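**Student:** Mapping of the sequence shown onto UniProt numbering: position 64 corresponds to residue 64, and the numbering continues sequentially without gaps.
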Amino acid sequence: MNTYGKRLQQERMRLGLTQQQLAQAGGVGRHAQSLYERDITLPRANYLAAITLVGIDVLFVLTGRHTPHPPHPHTETPGNGQLSER
1 MNTYGKRLQQ ERMRLGLTQQ QLAQAGGVGR HAQSLYERDI TLPRANYLAA ITLVGIDVLF
61 VLTGRHTPHP PHPHTETPGN GQLSER
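1) If contact is defined by three or more beta carbon pairs under 8 angstroms, each pair taking one atom from either stretch, is the segment 14-26 in contact with the segment 60-70?
2) In terms of alpha-carbon separation, which member of R30, F60 and P68 lies closest to R7?
3) What span of residues does the alpha helix (DSSP H) with N2 cover, start to end?
4) Between Q20 and the rest of its own chain, which residues show a CB-CB distance below 6 angstroms, the 5 nearest in sequence each way excluded?
5) Give the straight-line distance between the Cα atoms of E76 and P68, rounded to the nearest whole angstrom.
6) What alpha helix (DSSP H) runs, 4 residues minimum, are completely inside the segment 23-69?
Structural data, given as structure tokens:
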């Protein structure tokens, strides 16, 4: 079964982070991080917001679906992103 805890662990490992490092980034202790990854405790919103700053895909952690990557800045709009006058 693919749970939020397993997905959180998968994201942490993808980034090469230890539980301690991710816990610190999220503003919690290593024990809390372990509880999240074992599906014992649900992480709070402020933790989830903080771990996005180190590259965790929180949408994937919560839903199992990866966040779509935004288009490359040079292909975002015609004219290299410049606004056209009307």
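For glycine and all other residues, C-beta sits at the position ideal for the given N, C-alpha and C.
Note that the structure is a prediction, hence the values are computed from the model and not measured.
**Tutor:** According to the structure data:
1) With contact defined as three or more Cβ pairs closer than 8 angstroms, the segment 60-70 and the segment 14-26 are not in contact.
2) Position 7 of the sequence shown, counted from the first residue, corresponds to residue 7. Nearest of R30, F60 and P68 to R7, Cα basis: F60.
3) Your numbering for residue 2 matches position 2 in the sequence shown. No alpha helix (DSSP H) holds N2; DSSP gives it neither H nor E.
4) Taking the first residue of the sequence shown as 1, we reach residue 20 at position 20. Shown here for Q20: same chain residues with a beta carbon closer than 6 angstroms to its own, the five before and five after excluded, namely R30 in chain order.
5) To locate residue 76, count along the sequence shown from 1; it is residue 76. To locate residue 68, count along the sequence shown from 1; it is residue 68. Bear in mind that the predicted position of E76 carries a pLDDT of just 46, short of 50, making it too unreliable to give a figure here.
6) Those alpha helix (DSSP H) runs which fall completely within the segment 23-69 and span 4+ residues are 30-37, 45-51 and 58-63.
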